[in-house]
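Numbering (the numbering used here), first residue to last: 844 to 1297.
Every residue, glycine too, gets a C-beta built ideally from N, C-alpha and C.
Predicted, not measured: the structure shown is a model, and the values here were computed from it.
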Amino acid sequence: MSPARPPTRDAVASPAVPLTLLSGGDTVLPGDTPDPDGPTPPREGTGRRGKPPRHLADLDLAGRRAAVADLGEPSFRAVQLSKHFFGRYTEHPDDMTDLPRTSRAALAGALLPALLTAERELSCDDGTTRKTLWRAFDGALVESVLMRYPDRVTMCVSSQAGCGMACPFCATGQAGLTRNLSTAEIVAQVVAGARLLADGQIPDAPARGSDDPPKPARVSNVVFMGMGEPLANYANVVNAVRRLTDPVPEGMGISQRSVTVSTVGLVPAIAKLAAEGLSVTLAVSLHAPDDELRDTLVPVNRRWQVAEVLDAAWDYAAVTGRRVSIEYALIKDINDQAWRADLLGSLLAGRLVHVNLIPLNPTPGSKWTASRPGAQREFVRRLEAHGVPVTVRDTRGREIDGACGQLAASASPPASAAPLLSARPSASPPASASPPASASPPASASPPASARPS
Ligand code: SAH
844 MSPARPPTRD AVASPAVPLT LLSGGDTVLP GDTPDPDGPT PPREGTGRRG KPPRHLADLD
904 LAGRRAAVAD LGEPSFRAVQ LSKHFFGRYT EHPDDMTDLP RTSRAALAGA LLPALLTAER
964 ELSCDDGTTR KTLWRAFDGA LVESVLMRYP DRVTMCVSSQ AGCGMACPFC ATGQAGLTRN
1024 LSTAEIVAQV VAGARLLADG QIPDAPARGS DDPPKPARVS NVVFMGMGEP LANYANVVNA
1084 VRRLTDPVPE GMGISQRSVT VSTVGLVPAI AKLAAEGLSV TLAVSLHAPD DELRDTLVPV
1144 NRRWQVAEVL DAAWDYAAVT GRRVSIEYAL IKDINDQAWR ADLLGSLLAG RLVHVNLIPL
1204 NPTPGSKWTA SRPGAQREFV RRLEAHGVPV TVRDTRGREI DGACGQLAAS ASPPASAAPL
1264 LSARPSASPP ASASPPASAS PPASASPPAS ARPS
């Protein structure tokens, strides 16, 4: 922990730190105690009020039993309803033939309210990638993406409507935070994907060879890499992980090891997650190995710097035994220099780690582009020379605005919703997503003195 940067909330709230999360009261910072049943109320002036309707996925089984009893029904109906939702992916009273006809509508109405309505659906990769833009009860827009591969199906889900972390290369970061999603709003994205698969709406991905494993028509993996900073919506995200991974009827029965929570590096929340007793994979969005550049690419770095974030990641790996993923978006002439690959390699060498290089998916109007193939190859080569396992992420969904937040940003919001592309408050980074002055190539093309090879 750097003595120069005490991790107090006041330190973050200093006007020198251009974070949208500072301006509103609606971002749940690590250490705060958010309401486990729902998001914090939207900020003043958005025209939105209240929480999403309560849904059975917000509750554990005991809570569902109590809610059913409150309706004057025998509590075992909670298990029946849960099997319909988590096991058969249905919310429709007509499908629930094991329930008395007279009770179905009341039970479903009270515990299975519609939370998300599909506003747009786009597919590519021969139908094996499907992106959905969802509208929530209050008009908030969020995205999820289903990707079917020969051996697995991955759902990429949103944890917040918008995001307060203000990373200048990310489409979601340009718009600021609208609100946290509830546990059930997160789970509903995965259940919707499972329903598409069960209904046969997602074709098999072409198999590479005849000895490929059987192709599951179920969601096998969940990544919290859609809109939002999952660890800034801590309680609802951890509850959602439990709902997704508990066996039916408590939850959906997805393996914990197949769930990845991706974070900008909220250090206290990483430590808290390590203590949950979950076997989920932690992904850290590093994007730069040096604080000078990371301060601009991931502004929360001004509060928790590279060394501290990596220490939290190594602690997470030690406690859980899980390999940590380091996410690194390769941005041409910004963070793709050979010396940065070497610096990253030296920070990660010998650790339980894997690097995921993501060719930058430029956001509309951005001056930044993906690295040249040669620079990308050299970056990979140098990491490998340090013994660090590295893959370059496939770029599925590019043609359907696959990058975080791009679809929501292009949709026109309803009159009641805060505009997703509104002008930013003055404390925010440039709305144009152009590099801040300190991140422009001349300033960052050479290593800081301390990082230069001697
Ligand atoms: N808030 C979480 C989840 C964000 S999305 C986090 O920061 O980890 C998942 C990953 O996509 C993050 O690593 C994010 O930095 C990256 N990302 C966002 N916009 C991108 C873009 N335009 N091109 C490439 N990667 C991007």
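Item checked: threonine 1068 versus Gln1044, Leu989 and Ile1045, residue with shortest Cα-Cα distance -> In the sequence as presented, threonine is not what sits at residue 1068; that position holds methionine. Of Gln1044, Leu989 and Ile1045, the residue nearest in Cα terms is Leu989.
Item checked: Classification of arginine 907 by the beta-carbon crowding that lies within 10 angstroms, buried from 16 upward -> So arginine 907 counts as buried.
Margin query: What does the alpha-carbon distance come out to for the pair arginine 1225 and lysine 926?
Written below: Approximately 50 Å, taken between the alpha carbons.
Item checked: Contact test: alanine 1035 Cβ vs the ligand SAH heavy atom, cutoff 7 Å -> No.
Next item on the list: Run the CB neighbour count on histidine 1130, radius 10 Å, all protein chains shown included, and call it buried at 16 or more, exposed below.
Entry: The residue in question, histidine 1130, is buried, as its Cβ has 16 or more Cβ neighbours within 10 Å.
Next item on the list: Report buried or exposed for aspartate 969, applying the criterion of at least 16 other Cβ atoms within 10 angstroms of its Cβ.
Entry: Residue burial annotation: aspartate 969 is exposed, with fewer than 16 other C-beta atoms found within 10 angstroms of its C-beta.
Note to self: Going by beta-carbon coordinates alone, are glutamate 934 and alanine 951 separated by less than 8 Å?
What the structure shows: In this structure, alanine 951 lies closer than 8 Å to glutamate 934 by Cβ.
Next item on the list: Closer than 7 Å by C-beta to leucine 914: which residues in its own chain qualify, once you throw out the five before and the five after it? Chain order, please.
Entry: Cβ-Cβ distances below 7 Å link leucine 914 to Ala949, Leu950 and Ala953 in the same chain, with the five nearest sequence neighbours on each side left out; the list follows chain order.
Next item on the list: Report buried or exposed for proline 895, applying the criterion of at least 16 other Cβ atoms within 10 angstroms of its Cβ.
Entry: Under this definition proline 895 is a buried residue.
Margin query: Which runs of the alpha helix (DSSP H) at least 4 residues long sit entirely within the stretch 1166-1232? Give them in chain order.
Written below: Qualifying alpha helix (DSSP H) stretches, in chain order: 1181-1191 and 1216-1228.
Next item on the list: Note down, in chain order, each residue of its chain lying with its Cβ closer than 8 Å to the Cβ of leucine 958, except the 5 sequence neighbours on either side.
Entry: Contacts found: Pro895, Pro896, His898, Ala979, Phe980, Ser1025, Ala1027, Glu1028 and Ala1031.
Notebook entry, point to check: Can leucine 1040 and valine 1066 be called in contact, C-beta distance under 8 Å?
Noted result: Not closer than 8 Å, so no.
Note to self: Using only the alpha-carbon positions, how far apart do tyrosine 1077 and threonine 1021 sit?
What the structure shows: Rounded to the nearest angstrom, the two C-alpha atoms are 16 Å apart.
Check: Can isoleucine 1097 be considered in contact with the ligand SAH, in the sense that its beta carbon sits closer than 7 Å to one or more heavy atoms?
Finding: Distance from the C-beta of isoleucine 1097 to the nearest heavy atom of the ligand SAH is not below 7 Å.
Item checked: Reference proline 1142, options Pro943, Tyr992, Cys1006 and Phe919, closest by Cα -> Ranking the options by Cα distance to proline 1142, first place goes to Cys1006.
Next item on the list: Indicate the three-state DSSP secondary structure (helix, strand or coil) for arginine 931 in the structure shown.
Entry: For arginine 931, the secondary structure class from DSSP, reduced to helix, strand or coil, is helix.
Next item on the list: Per DSSP, which residues does glutamate 964 bridge with? Please list them.
Entry: Thr975.
Margin query: Measuring straight from C-alpha to C-alpha, what distance separates arginine 1145 and aspartate 1185?
Written below: Each residue's Cα considered, the two are about 23 Å apart.
Check: Exposed or buried, what is lysine 986 when buried is set at 16 or more other beta-carbons lying within 10 Å of its beta-carbon?
Finding: According to the sequence as given, residue 986 is glutamate; it is not lysine. Per the 10 Å Cβ criterion, buried.
Notebook entry, point to check: Out of Ile1045, Leu942, Val1233 and Ala1048, which has the shortest C-alpha to C-alpha gap to arginine 920?
Noted result: Nearest of Ile1045, Leu942, Val1233 and Ala1048 to arginine 920, Cα basis: Leu942.
Next item on the list: Answer with buried or exposed for glycine 1016, where buried requires no fewer than 16 other C-beta atoms within 10 angstroms of its C-beta.
Entry: Around the C-beta of glycine 1016, 16 or more other C-beta atoms lie within 10 Å, and the residue is accordingly described as buried.
Check: Mind checking whether methionine 1070 and glycine 1036 have CB atoms under 8 Å apart?
Finding: No, they are not a contact pair.
Check: Could you give the residue range of the beta strand (DSSP E) that holds leucine 989?
Finding: Note, leucine 989: beta strand (DSSP E), 984-991.
Check: CB-CB under 8 Å to valine 1104, same chain, minus the five flanking residues each way: which ones, in chain order?
Finding: Scanning its chain for C-beta atoms nearer than 8 Å, with the 5 sequence neighbours on each side dropped, one finds around valine 1104 the residues Phe1067, Pro1073, Leu1074, Val1080, Val1084, Leu1116, Val1123, Thr1124, Leu1125 and Ala1126, in chain order.
Notebook entry, point to check: Looking at methionine 1068 and the ligand SAH, is the gap between the Cβ and the nearest heavy atom below 7 Å?
Noted result: Correct: methionine 1068 has its Cβ closer than 7 Å to the ligand SAH.
Check: Using a threshold of 7 Å, is the CB atom of glycine 1071 nearer than that to any non-hydrogen atom of the ligand SAH?
Finding: Answer for glycine 1071: yes, Cβ within range of the ligand SAH.
Item checked: Other residues of its chain near arginine 1086: CB distance less than 6 Å, five sequence neighbours each side excluded -> A distance below 6 Å between beta-carbons, with the five flanking residues on each side excluded, links arginine 1086 to the following residues of its chain, in chain order: Ala900, Val1030 and Gly1094.
Check: Quick one: is proline 1092 buried, meaning 16 or more other Cβ sit within 10 Å of its Cβ, or exposed?
Finding: That one is buried.
Check: Does the distance from the CB of valine 1196 to the CB of valine 1152 come in under 8 Å?
Finding: Not in contact: valine 1196 and valine 1152 (Cβ atoms no closer than 8 Å).
Check: Does the ligand SAH have even one heavy atom less than 7 Å from the beta-carbon of isoleucine 1201?
Finding: At least one heavy atom of the ligand SAH falls within 7 Å of the beta-carbon of isoleucine 1201.
Notebook entry, point to check: Which of helix, strand or coil does DSSP assign to serine 1105?
Noted result: In this structure, serine 1105 counts as strand in the three-state DSSP scheme.
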